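Q: Just dropping this structure here.
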């Protein structure tokens with residue numbers, strides 16, 4: 309995420325916390341002093357270099373073929389769920405479903421930003437992240 313402007317303290321710094329594209333609108337609203345957004349604003353992170361984001365996870369979904377259609381017409385689906393642990397390490401679980409085949413990938417994206425080392429479902433951090441993922445999926 310790149311943020312630039314008068315409200316940014318210590319410009320040019322990296323921020324490795326968890327942010328999402330949906331945080332942009334609440335940030336703009338807060339900067340304009342417009343209330344009503346219940347989502348996560350990045351204004352605290354912008355003004356305090358040591359602030360932690362309040363975002364508990366990030367989620368994305370991709371379908372093939374792309375576009376409108378029923379689940380029966382899909383040939384594949386991928387879901388990505390990113391969640392930090394207590395130490396701030398960001399973990400990414402990828403759930404892939406193709407015709408008759410389901411696979412999972414698991415990455416430490418704090419240390420492996422290019423996702424070259426799939427740690428697998430037996431990694432000790434997988435359980436808590438998978439639990440968060442299934443809890444989120446069950447609620448949507």
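Residue numbers (the working numbering): 309 to 448.
Where is the CB? At the ideal position from N, CA and C, for every residue including glycine.
The structure presented is a predicted model; accordingly, all values stated were derived computationally and were not measured.
Please name the residue, chosen from 316, 335, 435 and 367, that lies closest to residue 357 on a Cα-to-Cα basis.
A: Closest option to residue 357, Cα to Cα, is 316.
Q: Flag this pair as touching only if the stretch 427-434 and the stretch 398-414 have three or more C-beta atom pairs under 8 Å; answer yes or no.
A: Because the criterion of three Cβ pairs below 8 Å is met, the stretch 427-434 and the stretch 398-414 touch.
Q: Identify the continuous alpha helix (DSSP H) that holds residue 388 and give its terminal residues.
A: No alpha helix (DSSP H) holds residue 388; the beta strand (DSSP E) holding it covers 384-392.
Q: Short of 7 Å in beta carbon distance, which residues of its chain neighbour residue 409, apart from the five on each side in sequence? Order them along the chain.
A: Within the same chain, residue 409 has no close Cβ partners at all.
Q: With a Cβ-Cβ cutoff of 9 Å, do residue 365 and residue 446 count as a contact?
A: It is not a contact, given that the beta carbons lie outside the stated cut-off.
Q: I need the straight-line Cα distance from residue 405 to residue 368, nearest angstrom please.
A: For residue 405 and residue 368, the distance between alpha carbons rounds to 14 Å.
Q: Where does residue 448 sit, in a helix, a strand or coil, going by DSSP?
A: For residue 448, the pLDDT reaches just 48, beneath the cut-off of 50, and the residue's location in the model is therefore unreliable, although a value from the coordinates is still provided. In this structure, residue 448 counts as coil in the three-state DSSP scheme.
Q: Taking Cβ to Cβ, would you say residue 324 is nearer than 9 Å to residue 396?
A: Yes. Within cutoff.
Q: Compare the C-alpha of residue 322 against each of 426, 424, 423 and 418 and name the closest.
A: Per the Cα distances, 418.
Q: Rounded to whole angstroms, what's the CA-CA distance from residue 301 to residue 383? Just pull it up for me.
A: Residue 301 is absent from the structure shown; the chain starts at 309 and stops at 448.
Q: Measuring alpha carbon to alpha carbon, tell me which of 329, 371 and 401 ends up nearest residue 407.
A: With distances taken between Cα atoms, residue 407 lies closest to 371.
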